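Residue numbers (the working numbering), protein chains in the order written: chain A, 1014 to 1155; chain B, 1014 to 1155. Data block below; observations after.
Protein chains: 2
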Amino acid sequence: MNLDITLSSLQDKGHRITKVRKEVVKIFSENTTPLSANQVEEKMLQVCLSVNKATIYRELQFLLANGYLVEVYLRPNEVSYESSELKHHHHLVCSTCGAIDNVTNCLASELEDDVFKKRGFRIKQHTLEFYGTCAECARKTT
Amino acid sequence: MNLDITLSSLQDKGHRITKVRKEVVKIFSENTTPLSANQVEEKMLQVCLSVNKATIYRELQFLLANGYLVEVYLRPNEVSYESSELKHHHHLVCSTCGAIDNVTNCLASELEDDVFKKRGFRIKQHTLEFYGTCAECARKTT
DNA sequence: ATATTAATGCAAATTATATGCATCTAATTA
DNA sequence: TAATTAGATGCATATAATTTGCATTAATAT
Ligand SMILES: [Mn+2]
Ligand SMILES: [Mn+2]
Ligand SMILES: [Zn+2]
Ligand SMILES: [Zn+2]
């Protein structure tokens, strides 16, 4: 997501542009892989912004509710977020180092029509996550 | 999963067959859709077995660690489990009524080779979840 | 029947997340 | 620029899911 465009869009809707909001939007405009509340907090600390956890959760909820972020569930008991503007994609999650990469290939749409025809289930969205070992971790092991 | 076979397999490995263990295994042998700890507790109450929550969590962890169950993440902050013996499949989750159905179609394996060739990421498993409206909920709305 | 140790219940601890409330501050207005 | 106002924030507290310590109970082997 584009930082300036997003911020002015938020302002147009009557929302305030605060230091925290600006930084959270900036973080998601610079990161194309999903981030959890904890990871957002860490990124903010890296630029010497110490923000209360409640504020971070509230800001993530705010951006989610306003359509700027989407939720991603990759692990139990931890919700991650990423820009809703990213082109439809899926994730490669390395079980060893935790690195996440995006894959834009998607074969799911073919299935969706089929599922609707066969049982009347209308698919609105889907998540497809791949777990395995990334190239770097595989190299280290060898 | 087959109740008797699973129980004797557990016994062969030196694990005890307790009332709780037997019932949890029974529940997963009779249910092909994912169940959370709370749902397992409810099912046990239906057969008048009041079991402590900690025990249920421990038993689910136990069956997971021993390969009888797999984790499924369909919603934030709730882990579900299902028999690891079920044939590879994916889920149709109705956003309206919460009903879950299984789909055995899977197009992901084609993608896996491609991903490995292109970036050396070796996929071990994947999850593909579909969210939408089931036939029944669609009918009620109309 | 007895011994051994895994399984269980209960309370307390953890972790992720949400909320109430007083305070602060961004945006608007005088 | 100062005053106004409602949204944003911090802090403490509340929830909810899950885990853990410990004493007690019960499944299995002898
Ligand atoms: Mn992504
Ligand atoms: Mn399933
Ligand atoms: Zn897709
Ligand atoms: Zn599949």
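Ideal Cβ positions, reconstructed from N, Cα and C, are used throughout, including at glycine. Owing to the predicted nature of the structure, the values given are computational and were not obtained by experimental measurement.
Start-to-end residues for the beta strand (DSSP E) that takes in Tyr1086/A
DSSP places Tyr1086/A in the uninterrupted beta strand (DSSP E) bounded by Leu1082 to Arg1088.
Count the other CB atoms within 10 Å of the CB of Asn1047/A; is the residue buried (16 or more) or exposed (fewer)?
The sequence given here places Pro at residue 1047/A; Asn does not occur at that position. Pro1047/A is buried by the Cβ-count criterion.
Using the three-state DSSP reduction, which class does Ile1030/A fall into: helix, strand or coil?
Annotated three-state conformation of Ile1030/A is coil, per DSSP.
What is the rounded straight-line gap between the Cα of Asn1044/B and the Cα of Thr1140/A?
Per the coordinates, the alpha-carbon of Asn1044/B lies some 23 Å from the alpha-carbon of Thr1140/A.
In or out: Glu1142/B buried (at least 16 other Cβ within 10 Å) or exposed?
By the beta-carbon neighbour count (other beta carbons within 10 angstroms, threshold 16), Glu1142/B is buried.
For the alpha helix (DSSP H) that Cys1150/A lies in, which residues bound it at each end?
Taken as a continuous stretch (DSSP letters only), the alpha helix (DSSP H) holding Cys1150/A covers Ala1148 to Thr1154.
Taking only beta-carbon atoms, is Ile1136/A less than 8 Å away from chain B?
Cβ-Cβ to chain B under 8 Å: yes for Ile1136/A.
Looking at the secondary structure, which residues open and close the alpha helix (DSSP H) in which Ser1022/B lies?
From DSSP, the alpha helix (DSSP H) with Ser1022/B extends over Leu1016 to Asp1025.
Determine the contact status of Ser1096/A and Phe1041/A, defining contact as a CB-CB distance below 8 Å.
Between Ser1096/A and Phe1041/A, the CB-CB gap stays under 8 Å.
Roughly how many whole angstroms lie between the Cα atoms of Cys1061/A and Glu1055/A?
About 10 Å.
Output yes if chain A places a C-beta closer than 8 Å to the C-beta of Thr1140/B; else output no.
Output row for Thr1140/B: interface = yes.
Locate the alpha helix (DSSP H) running through Val1128/A, then write down its first and last residues.
Note, Val1128/A: alpha helix (DSSP H), Ala1121 to Arg1132.
Does Ile1030/B pass the burial test, meaning 16 or more other C-beta atoms within 10 Å, or should it be called exposed?
Counting Cβ neighbours within 10 Å, Ile1030/B comes out exposed, since fewer than 16 surround it.
Rounded to whole angstroms, how far is the Cβ of His1103/B from the Cβ of Val1085/B, which I believe are closer than 8 Å?
With 8 Å as the limit, His1103/B and Val1085/B do not qualify as a contact, their Cβ atoms being about 10 Å apart.
Between the CA atoms of Ser1063/B and Phe1134/B - distance to the nearest angstrom
Whole-angstrom Cα-Cα distance: 46 Å.
Residue range of the alpha helix (DSSP H) that includes Leu1073/B:
Here the alpha helix (DSSP H) through Leu1073/B covers Lys1066 to Ala1078.
Could you tell me whether any non-hydrogen atom of ligand 3 is closer than 7 Å to the CB of Leu1023/A?
No, since every heavy atom of ligand 3 falls outside the 7 Å radius drawn around the Cβ of Leu1023/A.
Report the rounded CA-to-CA distance for Thr1019/B versus Glu1036/B, giving the unit in angstroms.
One C-alpha to the other measures close to 12 Å.
Three-state secondary structure (DSSP) at Asn1044/B?
Asn1044/B: coil per DSSP, three-state reduction.
Let me check understanding here. Comparing Cα to Cα, which of Ala1050/A, Glu1125/A, Gly1080/A and Lys1039/A lies closest to Tyr1070/A?
Ranking the options by Cα distance to Tyr1070/A, first place goes to Ala1050/A.
Relative to the C-alpha of Cys1110/A, which candidate in Asp1017/A, Lys1032/A, Lys1153/A and Gln1059/A has its C-alpha closest?
Per the Cα distances, Lys1153/A.
Is the beta carbon of Cys1107/B within less than 7 Å of some heavy atom of ligand 3?
Not under cutoff, so the answer is no.
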